[in-house]
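Chemist:
In our numbering, the protein residues as written are 32 to 374.
Next comes the structure, spelled out in structure tokens:
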């Protein structure tokens, strides 16, 4: 009787497949079925931390706006020094006057340098505290998720565990929750920071020079288009990699937990062949996904360098032009290069 049950268990890969291919693997090959519903559930977890999220968002926005001011102030210093050197042959003395900032406020180069230093320090402090708040919040949130998952697993009927791989369940309790933790920690502050930074930078650019702003817009759109193409190309390989990971975890867990059954029915060779197949699939998908994603960063650097060259060349013409509408000072070129790096 026991031997027949063991034979039946060994011959039922569809229940808890030895070869993998459980629900976790298939889930990575599909698009979200209820994105809106999922976000509502996530919002339920985030609701108790709404105040902390708002405070952290305000800190991220403030830090971004401070980082927008620094390149502009450095550009003012550069322009003042360049003008002073331009007059040096006539005066014989390097004269650095006070710089008109805004609303009739005049500051010396030393005062501006001190203000820039303060903006860097304050921005770093704000980033530190908002990161500290978000890390604590996400850790508490994922702690609650793990408790609810544990309670849910204890309520599930036994037949559920007969039709789902243990590696699949283990991955949801550990890997998926940790992915949510990392995503929330990085995304919440990044969303606020990026929106404020992009809006602030493009407003400053438009106020300083419309032609150079157009160059930055073109290169930014081109960079986003290239990134989208690479992400779309690598997405299938990352899904395949995640599927293979799920299969591999399930295969290893079932092989070792059912080691005696495998040996009794002489399935060692079959188990080894299954492992080799899954391992090769994982190797191929991992290499391709990492290769394609690895190309994206050098391509972004290349497009960024193209933007630097275009800004320098066009900016040089605008510096020497006699047209008062488009004429700029040399410090604005430095400001645009710094803004391009921040984008």
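By construction, the Cβ of each residue, glycine as well, lies at the ideal position given by its N, Cα and C atoms. Since the model is a prediction, treat every value here as computed from it, not as a measurement.
Indicate the three-state DSSP secondary structure (helix, strand or coil) for residue 137 in the structure shown.
Modeler: Of the three classes helix, strand and coil, the one that applies to residue 137 here is strand, per DSSP.
Chemist: Assign residue 290 to one of two classes, buried (16 or more other C-beta atoms within 10 Å of its C-beta) or exposed (fewer than that).
Modeler: Exposed, since its Cβ has fewer than 16 Cβ neighbours within 10 Å.
Chemist: Out of curiosity, what's the CA-to-CA distance linking residue 110 and residue 67?
Modeler: Approximately 51 Å between the Cα atoms of the pair.
Chemist: Can you check DSSP and say which residues form a bridge with residue 130?
Modeler: Beta-bridge pairing links residue 130 to 138.
Chemist: Report buried or exposed for residue 53, applying the criterion of at least 16 other Cβ atoms within 10 angstroms of its Cβ.
Modeler: Model confidence at residue 53 stands at a pLDDT of 38, short of 50, so the residue's coordinates are unreliable and nothing is read from them.
Chemist: Just verifying my parser: in three-state terms, what is the DSSP assignment at residue 82?
Modeler: DSSP places residue 82 in helix when its eight states are reduced to three.
Chemist: Out of 161, 203, 243, 159, state which residue places its alpha-carbon closest to the alpha-carbon of residue 180.
Modeler: Comparing Cα positions, the closest option is 203.
Chemist: Under 8 Å between the Cβ atoms of residue 216 and residue 169?
Modeler: Yes, they are a contact pair.
Chemist: Where does residue 358 sit, in a helix, a strand or coil, going by DSSP?
Modeler: The answer is coil: DSSP assigns residue 358 none of H, G, I, E or B.
Chemist: Contact check, residue 107 vs residue 136 under 8 Å by CB: the rounded distance?
Modeler: In fact, because the Cβ distance is near 12 Å, the residues do not count as touching under 8 Å.
Chemist: Which class does residue 240 belong to by DSSP, given the choice of helix, strand or coil?
Modeler: In the structure shown, residue 240 sits in coil (DSSP, three-state: anything other than H, G, I, E or B).
Chemist: Measure the C-alpha to C-alpha separation of residue 244 and residue 364 and round it to an integer number of angstroms.
Modeler: Each residue's Cα considered, the two are about 11 Å apart.
Chemist: Give me the residue from 321, 205, 138, 227 with the minimum Cα distance to residue 27.
Modeler: Residue 27 is absent from the structure shown; the chain starts at 32 and stops at 374.
Chemist: Contact between the segment 315–325 and the segment 262–270: three or more CB pairs below 8 Å?
Modeler: The segment 315–325 vs the segment 262–270: in contact.
Chemist: So the alpha helix (DSSP H) residue 290 belongs to, where does it begin and stop?
Modeler: Residues 290–295.
Chemist: Hey, is residue 359 close to the ligand HEM, as in C-beta under 7 Å from one of its heavy atoms?
Modeler: This structure lacks the ligand HEM, and indeed carries no ligand of any kind.
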